[in-house]
Amino acid sequence: MRLSTSALVLGAASSAMGLEQQILGGDSKPLIDLDVNAWTKPLEKFFGEISSEAKAVWDEVTLLAPDAVEAFKKQVLTEPKKVNRRPDSHWDHVVKGADVQSLWTEKDGEKHREVGGKLENYNLRAKKVDPSKLGVDKVKQYSGYLDDEEEDKHLFYWFFESRNDPKNDPVVLWLNGGPGCSSLTGLFLELGPASVNKKIEIVNNPESWNNNASVIFLDQPVNVGYSYSGGSVSNTVAAGKDIYALLTLFFHQFPEYAKQDFHIAGESYAGHYIPVFANEILSHDDRNINLKSVLIGNGLTDGYTQYAYYRPMACGDGGYPSVLSESECQSMDNALPRCQSLIKGCYESGSAWSCVPASIYCNNAMMGPYQRTGQNVYDIRGKCEDGNNLCYSGLGYIADYLNREEVKEALGAEVSSYDSCNMDINRNFLFAGDWMQPYHQLVPNVLDKIPVLIYAGDADFICNWLGNQAWTDKLQWSGQKDFSHADLKPLKHAGKEYGKVKSSGNFTFMQIYGAGHMVPMDQPEASSDFFNRWLSESVTAYICRVIPVEFECMHACNRSTAFLLTQLEKNGLLAYRRRLLRVERVEASHRDEVKVSTRYERDESRVREMKGKYKDKTGWIRVGEDVEQRRRRREEGKDARAKRRKTGSLAAWL
Numbered sequence: 000m001r002l003s004t005s006a007l008v009l010g011a012a013s014s015a016m017g018l019e020q021q022i023l024g025g026d027s028k029p030l031i032d033l034d035v036n037a038w039t040k041p042l043e044k045f046f047g048e049i050s051s052e053a054k055a056v057w058d059e060v061t062l063l064a065p066d067a068v069e070a071f072k073k074q075v076l077t078e079p080k081k082v083n084r085r086p087d088s089h090w091d092h093v094v095k096g097a098d099v100q101s102l103w104t105e106k107d108g109e110k111h112r113e114v115g116g117k118l119e120n121y122n123l124r125a126k127k128v129d130p131s132k133l134g135v136d137k138v139k140q141y142s143g144y145l146d147d148e149e150e151d152k153h154l155f156y157w158f159f160e161s162r163n164d165p166k167n168d169p170v171v172l173w174l175n176g177g178p179g180c181s182s183l184t185g186l187f188l189e190l191g192p193a194s195v196n197k198k199i200e201i202v203n204n205p206e207s208w209n210n211n212a213s214v215i216f217l218d219q220p221v222n223v224g225y226s227y228s229g230g231s232v233s234n235t236v237a238a239g240k241d242i243y244a245l246l247t248l249f250f251h252q253f254p255e256y257a258k259q260d261f262h263i264a265g266e267s268y269a270g271h272y273i274p275v276f277a278n279e280i281l282s283h284d285d286r287n288i289n290l291k292s293v294l295i296g297n298g299l300t301d302g303y304t305q306y307a308y309y310r311p312m313a314c315g316d317g318g319y320p321s322v323l324s325e326s327e328c329q330s331m332d333n334a335l336p337r338c339q340s341l342i343k344g345c346y347e348s349g350s351a352w353s354c355v356p357a358s359i360y361c362n363n364a365m366m367g368p369y370q371r372t373g374q375n376v377y378d379i380r381g382k383c384e385d386g387n388n389l390c391y392s393g394l395g396y397i398a399d400y401l402n403r404e405e406v407k408e409a410l411g412a413e414v415s416s417y418d419s420c421n422m423d424i425n426r427n428f429l430f431a432g433d434w435m436q437p438y439h440q441l442v443p444n445v446l447d448k449i450p451v452l453i454y455a456g457d458a459d460f461i462c463n464w465l466g467n468q469a470w471t472d473k474l475q476w477s478g479q480k481d482f483s484h485a486d487l488k489p490l491k492h493a494g495k496e497y498g499k500v501k502s503s504g505n506f507t508f509m510q511i512y513g514a515g516h517m518v519p520m521d522q523p524e525a526s527s528d529f530f531n532r533w534l535s536e537s538v539t540a541y542i543c544r545v546i547p548v549e550f551e552c553m554h555a556c557n558r559s560t561a562f563l564l565t566q567l568e569k570n571g572l573l574a575y576r577r578r579l580l581r582v583e584r585v586e587a588s589h590r591d592e593v594k595v596s597t598r599y600e601r602d603e604s605r606v607r608e609m610k611g612k613y614k615d616k617t618g619w620i621r622v623g624e625d626v627e628q629r630r631r632r633r634e635e636g637k638d639a640r641a642k643r644r645k646t647g648s649l650a651a652w653l
């Protein structure tokens, strides 16, 4: 779901140090100099030499948290869950990866596999979920497992069709973070079709993201939620192979969804996952995954940049009052240079030997002072309401519901118990050095191919909006200059401003007001609005496509999504897919301005004349045309207009 509280102070070593722990390398007295060569030397052959600064952190951790060091030395793995593997006869579909791998096709006279990647060790199991048994939603649903039989890994997923138009609406994969938190928490706590109340009853969510998209909720990596394994996954890259296999086999079994646009969305540690997963998918030219964009909410992506903004957020520079004293704020300032030096060493070496000290020191020094106040790390506006469930009682309700035998039976879950977050997975990722890896360096390659949205609730501390705005501005990519210079513009829904947005090229950043770490939970209407806008090509791609290049307006689209959004709002357009849109060039001094007007009309005679060719369920016709094209059409006369109708030009219907 998100970065866990147990990892805030000394990562997984927080329990060993307690709430009275010292700040490593802070203003405390020098620690006893320990000789750790006895156990560090043997590890150097695996991880390489360690810097003196990183070794100093290991010295301090050895004194303050010996159990954490012992965990690292032993490479602790999660204890396997108790499992009741269901026979294949229990499932409606079983897809063998080896069978899919053996399918060949011919292109340009050459034979090659229909889909790329190594799938022979993977299988996919799926069953249709009876909506009446659970009452979560009335739409078509599937649940099941991706199995890697060789590695004994089994990932659980739950799919919900769109409530609107599943034959045409896009498909979205949702991922919570942690690392080690179930995506079913996102389903029931944030953006899914229902929530679970304190009476463990299902409550409908009118702002569900499956209102206009089909959504897959995936428990990953293994040993998270309903997923299980005899071993463990402790790094993001390893998890990426599993995601590609899951999607490939799922879309093979259900080709009716494969033709739709596909998007990956997630939050928190998904800021690590999504750049890796997107690159893994895009690396396969022969794929059945129609990836169109990615969305990361309140993510951890570039630790070097983002950790510099914990002090400003905690000390009153993020839009909310300071929760720390001046001396505490100063201690964080003092600790930052050493923290960033350690992270830089991790970026350069990439080894756990260097990355683990960076995680341990920085989490303790930059997050520890805030965490000790008892303030909610996911929402700076209040205290933790439930210390046993990562501050939110709702997580306990969800776990109670998903541990019911009738629920597990209906979904085909094979584990004996469900936990919202697995802290062993969290620890394993930290001690594998994954926490501080520079996954932001993968984002430029994604931007070269598809749009990327980074959104952040402005009340979150742990993955705060200041840090997310900073790393997006500093990211080195082809459009960095234009993006960093773009202004933040108001983002509105129904005339009410709920955030700010900036965009250039394929990159967009949004700040969402009054939302913590989980934006869809805190601001459901706002999240539905920007989510639907993002999925709808009406906001950017469609607008820019209908503005001809010769009118010198294309750079307005590329320069600022915010500008377009503002114009759309001024003219009452909510940017949903079946609204009719007409874009006109403004005869004004600023040639890059765009004026948007809308028409809402239902012309039954035109629908009949088109014989349903462009008719959707509502009977609406979508059109887009500029002033010059309409003028040219009038000059060409009725015959030319009729000819264009026959060729299928939507522009002819203005």
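According to numbering that gives the first Met the number 0, the sequence shown is numbered sequentially starting from 0. Cβ coordinates follow ideal geometry from the N, Cα and C atoms, glycine included.
| Asked | Found |
| --- | --- |
| With contact counted as at least three CB pairs below 8 Å, one residue from each stretch, are the segment 251-264 and the segment 289-301 in contact? | yes |
| Closer than 7 Å by C-beta to Glu524: which residues in its own chain qualify, once you throw out the five before and the five after it? Chain order, please. | Glu206, His492 |
| In whole angstroms, give me the CA-to-CA distance for Val445 and Ile273. | 10 Å |
| Pick from Gly515, Val221, Val171: whose alpha carbon is nearest that of Asp378? | Gly515 |
| Starting from Val93 and walking both ways along the beta strand (DSSP E), at which residues does that stretch end? | 92-95 |
| Between which two residues does the alpha helix (DSSP H) carrying Trp533 extend? | 523-534 |
| Alpha helix (DSSP H) containing His484: first to last residue? | 479-484 |
| I want to know whether the segment 492-510 touches the segment 456-472 - three or more CB-CB distances under 8 Å. | yes |
| Decide if Ala97 is buried, meaning its Cβ has at least 16 other Cβ atoms within 10 Å, or exposed. | exposed |
| Quick one: is Leu102 buried, meaning 16 or more other Cβ sit within 10 Å of its Cβ, or exposed? | exposed |
| Taking Cβ positions, are Asn699 and Asp146 nearer each other than 8 Å? | Residue 699 falls outside the range modelled here, since the chain spans only 0 to 653, and no answer is possible. |
| Going by DSSP in three states, Leu490 sits in which element: helix, strand or coil? | strand |
| Compute the distance between the beta-carbons of Leu217 and Leu172, then report whether it is under 8 Å. | yes |
| Run through the DSSP bridge pairs and tell me what His111 is partnered with. | Thr104 |
| Work out the CA separation of Arg371 and Gly478 for me, nearest whole Å. | 40 Å |
| Whole-angstrom Cβ separation of Asn656 and Arg162, contact assumed at under 8 Å? | Because residue 656 is not part of the residues shown, which for the chain are 0 to 653, the question remains open. |
| Output the distance between the C-alpha atoms of Val223 and Glu109, rounded to the nearest integer angstrom. | 42 Å |
| Would you report the Cα separation of Ile461 and Ile397, rounded to the nearest angstrom? | 23 Å |
| Helix or strand or just coil, what does DSSP make of Asp87? | helix |
| Which same chain residues, not among the five before or five after Lys80, have their C-beta less than 6 Å away from its C-beta? | Tyr227, Val414 |
| Taking the alpha-carbon positions, what's the Tyr308 to Trp90 distance? | 48 Å |
| Taking the beta carbon of Glu325 as the centre, do at least 16 other beta carbons fall within 10 Å, making it buried, or is it exposed? | exposed |
| Could you give the C-beta distance for His153 and Tyr141, rounded to a whole number, given that I count them as a contact under 8 Å? | Rounded, the Cβ-Cβ distance is 16 Å, inconsistent with contact. |
| Which whole-angstrom value is the C-beta distance of Gly116 and Ala244, which I expect to be below 8 Å? | 7 Å |
| Per DSSP, Ile295 is paired with what? | Gly265, Ile453 |
| Check the C-beta distance from Leu299 over to Gly270 and give it rounded, since I have them as a contact under 8 Å. | 5 Å |
| Look at the Cβ atom of Thr92, then the Cβ atom of Gln252, and state whether they are nearer than 8 Å. | The question names Thr, but residue 92 is His in the sequence shown. Cβ atoms of His92 and Gln252: closer than 8 Å. |
| Quick check on the DSSP output: the alpha helix (DSSP H) that includes Thr304 runs from which residue to which? | 302-305 |
| Is it buried or exposed, His439, if we count other Cβ atoms within 10 angstroms and call 16 or more buried? | buried |
| If the criterion is Cβ atoms closer than 8 Å, does the pair Cys390 and Asn402 meet it? | no |
| In whole angstroms, give me the CA-to-CA distance for Tyr306 and Asp168. | 38 Å |
| Look at Asp457 and Gly317 and say whether their C-beta atoms are less than 8 Å apart. | yes |
| Using 8 Å as the threshold, is the C-beta distance between Ala485 and Ala431 below it? | no |
| With 16 other CB atoms within 10 Å as the buried threshold, where does Lys240 fall? | buried |
| Please list, in chain order, all residues of the same chain as Asn467 whose beta carbon is under 6 Å from its beta carbon, the five residues on each side excluded. | Ile453, Ala455 |
| What residues are listed by DSSP as bridge partners for Glu496? | Lys491 |
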